[in-house]
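Residues are numbered in the working numbering as their position in the sequence shown, beginning at 1, plus a constant of 21. Worksheet: the structure to be examined is printed underneath.
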Amino acid sequence: MAAALQEDLAALSDLDEARLLESLGRRFQHDRIYTYIGDILIAINPFKYLPIYEKPVSEKYKCHEKKSLPPHIFAVADRAYQSLLGRLATGPRNQCIVISGESGAGKTESTKLLLRQIMELCKANSQLEQQILQVNPLLEAFGNAQTVMNDNSSRFGKYIQLRFQNASVKGAKINEYLLEKSRVVHQDEGERNFHIFYYMLAGICKEDKEMYGLLDPSQYRYINGKYGTEEMVKYWSEKYHEVSNAMDMVGFEEQEKVDMMAILAGILSLGNIMFEPQVNEMLRVTEKSVGWLRAAAGQFGVQEEELLKSLICTMSVTRGESIRRYHNQQQAEDARDSIAKVAYGRVFGWIVSKINELLAPNVDLNVELNEIGILDIFGFENFAVNRYEQLCINLANEQLQYFFNHHIFLMEQNEYKEESIEWETITYKDNKPILDLFLAKPFGIFSLLDEQSAFPQATDSNFVDKLNSKYKGNKHYETVRGHNPLFAVVHYAGKVQYNASGFLEKNRDTIPASIRGLFINSVTPLLSVLFAATISRTGTLMPQRRAKLLQVAEDNFNSTRKQSVGAQFKHSLAVLMEKMFAANPHFVRCIKPNANKQPNQLDSKIVMDQLRYNGLLETIRIRRDGFSWRPSFAEFAQRYSILLIKPDVPLNKNRSQTTNSATERLPGSDVRGFERSCLCILNNTNIKGWKCGSSRLFFKYWHQEELAKLIDRLGRAALVLQKNYRARTCRRRYMLLIAEVRTQRRLQREREEEEERRLQQEHEEEMRRQLEMEQENHRTPVPLPRKKKPHPQPRPRTMAVESILSPQQPPVPRPRSRQFQATPFDNHLDPDVAREEEAAKERHVKKKNTVRWFKETQARKVVRNGAFPNWFHGMITRRQAEDFIADKPLGCFLIRVGQSREGYTLSYRGQDRCRHYMIEMQTNGKYVILGEDRAHASLPDLVEYHSKVGIKPFMELLTVPCGQRCDQEPDYEELKNMMLRPSSLADGGHDPSDEAGHDPGHLELLKLFVPPDQGPSLEAQVPPVLKRISDRKLRMEAPGSQKNLPGGPPSEDGQVYENTRPFPRLYPSIRLAMKEIQQVQQHFSDCIKDVEMKQSSHHS
């Protein structure tokens, strides 16, 4: 059993296909889905939930030893993170994790697990980690779809770059590749459109569906009129709310979300527009489709007539003359589908661009950031009908297989030859000729495709004929005879037959200039930005500022059309390979156990085919017999110089010439010096199984961990030495200070004794003088001459009484003892006055700025019914908050304004202590508790949510709000007197408080806190009884006056009132179009019923 459940297949002594398959099969039966091949991880998709990803498991794999725990995807994340920090064999260097496998093998789930674990490893108590984790579900919704092979298949590729400074993540960037836009307008049998369409149809509430113009899902042609079961609809509804929350977490604005949903609704409406010819051979929209045309125009924010023109005709300018060419029915339908595909593709590109903008590192440009890249790209595909998208997808997988072969086989075995290492060459399946078949210039498949795409009259059959003539006799290309233009390519994973129908059109990916101009002038800002954006060489959308749109629109259009889709894809792959070759790779090979997506089933044939074309048998051999880690002498000596125990052996002959460059650039003497240092280091470590070449060392994959253990051991020993040395030095300083204090105390005592003796002498002298005076007083007194009494002077009338009376002087403080002045432990008793004043002034400025921020931006959001909630306690200190809730029951809470930052703090009475949770303000105005994955529109919403769902990590519920100190007055100074007047006063009634002499400036300040649905008048203080009466009156009057208040929906006359929530720009037009569609459908259904009744009566 131990041999059968071998965790590292590179340790198997007898190796063949049967033994390999048996080992993987036994591990799969015991739910051991992860297996090592040296430092490569094999992951078999279990198609079920396994309890191996919980928090305790995640903690175990932090800074762990590889042999101490079973194989896991978390171990790959930990290895990449530790390598990034330079804690393993290599120094700090960029890392990349390559996840490969065919469709349905579990690549997307592996990517999410890797991201989650890396965020756990670099947790720095910031909201950025949660924002990065929300990117995956967001991109999945818009870029994934159900196929016959996979229920959550990625229809695009992505390379996630996580940017790090030291050990903390500082930002992220997403690179997306080749979205399968054709899926928007067509899905094969058993497949679905992109997830987001089903999510929005299931999750948007009835009122919002009316706002966006969404009807029953079965009416939409772009989703084939098919929907899901009740259970699926419930699941989709939950996913929609997850996606909406993800957009809030990342930082999307509310108006952007509304515009985006309106565009998606417009795409669905556009698909229902059908055409029919007229007598004059011009096209018109069918009677059933008129409402859908109007709805699509309203959702896109364009004129209905202009949209119709762009669908049924094309405008061209020849020698200054405009020529209008009308489409036939097929051309009009193609134009309709082209608009839908381009619009969806640009929405997806904008989402990626927006994510990159919001998650960009907020550091100085001069700061160098390291990165971990995670590649999650579409798997190898071979369907019944394979189109242009499958050709590009399989090319990407060919490129990844070449990268794997180059890194594992080619580069390694070439170094063995160069360094004169004895080695028996391992043959592997080299796919370089297949890559040349696709990418070679000028006669590769993509070059010929671009050549044919440049000719307007060229057809897909011409392209296939050219391929057949060019590659006749090529062992990786096969001709196919049939009615359709077909050809076949023998890939590394097997032969795939492609249907070339539509290849040229998809490669061109052109849209008429009239369509682009129409959408640039849309009243929907997002749609205007999408179609005015430029497209980079790699196919990335680059939005521009609105002010420059009209000036550069035509230039952008011309520049973007110079690059075909194939050319953009080739360039993006080249950039990707350049990044990956510059990084240290980690490989995860995903395996699909069966084609039915069933748990606990392993099809031996399917698994063996994947093992063969992935070259895993050869990989095991080279990992078992080869040397995967091959540092140069200089790299090894500099990295492990701490293991050079002998102090008389330098790293090289001339220590000053030690550099980080490759050993080939060093003089021969330096290389030999580094070699002696390396040999000395290795002799001290007792590591066996390594070899020494002419310029570098060769190690097995496990040697890195052994050396890391030795360095870690020395590191711990250094910590012990530092601890004891610092303790010794600190104690010595402490003893010196104590001796000094004792000396000062002794001197002080001597001074005090001397002073006491002096005072005693003075006292004795005084007593002696008094005694002498008393003796003299007993003698007969001699009378003295009498003096004249002076006349009294009049007091000046202007002189103040205080000037006559001597002012009372403050007592003079006793000077501090010099003993305490010299004591270093009492420095706080003698503060620097200027520094204290400056700090107090700074605190005052911060507090003032925070109060101004709250009054200008937050007060309206917190006030409910004219008053603050009782759990809101203004700007109080942490100590005051703890005093408030210390004697309250478990679950008591309050929210206070931060004193030195623009934000809030939630203070909570926990089981054993008071806890304080920071509440962050997102850039889009949402509120998030730091570390949570849920964004809220307001603080009351946050409180309501967490009264039902606990706050992580202790899952604490907010149960008892901590009220104020009394019912009449809040317990905070900055926010007193912020309560609304009764409505009678707001309507212009007489306010007795005005006669009481209230400060007009104070009343002006209170106007800042008027909620959007209240009048501008305010009062300072209203008794609680009057407040309750006024609140009740306001609530009773609210339904009747809703139309007259800002915040309601647009009225029937088309006027859109100022609202607290955004609406589509042409919302009235959308509503009218929906009513028209429903009326037309009702009319046709009534006609059908009449016809059926007549037929039944005729038969009877």
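The beta carbon of each residue, even a glycine, is placed where N, CA and C say it ideally should be.
DSSP state of residue i, grouped into three classes?
i	result
ASP481	helix
CYS226	coil
PHE215	strand
PHE369	helix
ASN1183	Lying before the first or after the last residue shown, residue 1183 is absent from the chain, which here runs from 22 to 1121.
MET336	strand
HIS512	strand
SER928	strand
LEU36	coil
PRO298	strand
LYS194	strand
TRP444	coil
PHE425	helix
HIS957	strand
THR871	helix
MET563	strand
GLY400	coil
GLU86	coil
GLU210	coil
VAL628	helix
THR56	strand
ASP1015	Note that ASP1015 has pLDDT 41, beneath the 50 cutoff, so the model's placement of it is unreliable and the number below is only indicative. In this structure, ASP1015 counts as helix in the three-state DSSP scheme.
GLY736	helix
THR898	coil
PRO982	strand
With 16 other CB atoms within 10 Å as the buried threshold, where does residue i fall?
i	result
LYS144	exposed
PRO1089	buried
CYS983	buried
PHE602	exposed
PRO298	exposed
THR339	exposed
GLY647	buried
THR132	buried
GLN619	exposed
ASP136	According to the sequence shown, residue 136 is Leu rather than Asp. The residue is buried, with at least 16 neighbouring Cβ atoms inside 10 Å.
THR448	exposed
MET1114	exposed
ASP99	buried
THR250	exposed
Below 8 Å on the Cβ atoms is my guess for residue i versus residue j; work out the distance and round it to an integer in Å.
i	j	result
GLU130	LEU547	Wrong, their Cβ atoms sit about 31 Å apart, outside the cutoff.
ALA31	GLY59	4 Å
CYS413	PHE590	5 Å
LYS947	ASP280	Going by Cβ atoms, the distance from LYS947 to ASP280 rounds to 18 Å, so no, they are not a contact pair.
ARG114	SER121	Going by Cβ atoms, the distance from ARG114 to SER121 rounds to 22 Å, so no, they are not a contact pair.
PHE185	LEU390	6 Å
LYS868	VAL981	LYS868 to VAL981, Cβ: 29 Å. No contact.
LEU200	PHE467	About 18 Å; that fails the 8 Å criterion.
VAL384	ILE195	At roughly 19 Å, the Cβ-Cβ gap does not stay under 8 Å, so VAL384 and ILE195 are not in contact.
GLY127	ASN66	4 Å
Could you tell me which residues DSSP puts in a beta bridge with residue i?
i	result
ASN605	GLN116
MET939	THR926
GLY523	DSSP, once it has assigned bridges, lists no residue as partnering GLY523.
PHE720	TRP650
Looking at C-beta atoms only, is the number of pairs between the stretch 221-229 and the stretch 171-188 that lie closer than 8 Å three or more?
no
Can you find at least 3 beta carbon pairs, one from the stretch 353-361 and one from the stretch 284-297, that sit closer than 8 Å?
yes
Please determine if the stretch 200-220 and the stretch 243-263 are in contact, where contact requires at least 3 C-beta pairs separated by less than 8 Å.
yes
The stretch 928-937 touching the stretch 958-966, judged by at least three CB pairs closer than 8 Å
no
Contact between the stretch 917-924 and the stretch 888-905 (3+ Cβ pairs under 8 Å):
yes
Any contact of the stretch 517-524 with the stretch 395-413, i.e. 3+ C-beta pairs under 8 Å?
yes
Between the stretch 342-359 and the stretch 321-328, are three or more C-beta pairs nearer than 8 Å?
no
Any contact between the stretch 83-99 and the stretch 742-758? By contact I mean 3 or more CB pairs, one from each, below 8 Å.
no
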